[in-house]
Amino acid sequence: MAQAWLPDASRIPAPQDAGPMNGGAPRVVWFIWPTDPQGISAKSVAQRLVQLNRPAHLVWNPVHGQIVQQLPPSRAACGLGGDLNRHGRACIQIRVLGSVQEPFTDSKLDGLDEILAWLDSWEVPRRWPAGPPLPFPHSLAGGGDGRLWARGGHFGHSQVPGAVEGDPGAIDVQRILGTPALEVPRPREELRLLERVI
9 MAQAWLPDAS
19 RIPAPQDAGP
29 MNGGAPRVVW
39 FIWPTDPQGI
49 SAKSVAQRLV
59 QLNRPAHLVW
69 NPVHGQIVQQ
79 LPPSRAACGL
89 GGDLNRHGRA
99 CIQIRVLGSV
109 QEPFTDSKLD
119 GLDEILAWLD
129 SWEVPRRWPA
139 GPPLPFPHSL
149 AGGGDGRLWA
159 RGGHFGHSQV
169 PGAVEGDPGA
179 IDVQRILGTP
189 ALEVPRPREE
199 LRLLERVI
């Protein structure tokens, strides 16, 4: 059962949002809030996003494990252009404190398991349809594919259709999704021998 609010996350509710969701495949968009996560709290970034009228669903400091929620996924956040904020049953926007030059997945990811469990409850597929985000500044020219976007799943901000930003940079999507390394398929001959034994 999907929970509107992430358990154990702090809350700084946003006074405004981009409206109700339009329906369709659920997705999550990973953004970077450019700052040093050693010196700035998720709470201060969430307060700044409220001041800018650009709330996210979650603001996360992966180094200290601070998570602040501003909106429930049933309401659209304000980080994307046009109507894109409202695409899907959920279009969860996560602002991660860090840098596009230094992927946040290269450091501590305190709180990630809780975030992923919550995203799972919203049935966001654990897949990255557009593949790993490009490194910055190459990600500025990446642009998004509308067909891939329609499938739902996880996306970097730079992979959203019409995006002009280059975040989150070259993050390790397997580290985020917990995806195991792909197994090499066995040759047919080995399978035939196994069938004879069984």
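All you need for our numbering is the position in the sequence shown, starting with 1, plus 8. Glycine is no exception: its CB is placed at the ideal position from the N, C-alpha and C atoms.
- DSSP places L66 in the uninterrupted beta strand (DSSP E) bounded by L66 to N69.
- Cβ-Cβ distances below 8 Å link G170 to G89, G90, L92, G151 and G152 in the same chain, with the five nearest sequence neighbours on each side left out; the list follows chain order.
- Restricting attention to L185, S147, Q78 and R62, the CA atom closest to the CA of V172 is found in S147.
- With a 10 Å radius around the Cβ and a threshold of 16 neighbouring Cβ atoms, S166 comes out buried.
- By the Cβ test, the segment 135-142 is not in contact with the segment 47-58, since fewer than three Cβ pairs between them sit closer than 8 Å.
- No Cβ-Cβ contact shorter than 8 Å links F112 with G119.
- A straight-line Cα-Cα distance of about 11 Å links D44 and E110.
- Annotation: D128 to Q24 spans about 26 Å, alpha carbon to alpha carbon.
- R155 sits exposed, since fewer than 16 C-beta atoms from the chains shown fall within 10 Å of its C-beta.
- Apart from sequence neighbours up to five positions away, the residues of its chain that approach Q101 with a beta-carbon distance below 7 Å are V37, F39, A64, H65, A85 and G87, ordered along the chain.
- Annotation: W130 to C99 spans about 10 Å, alpha carbon to alpha carbon.
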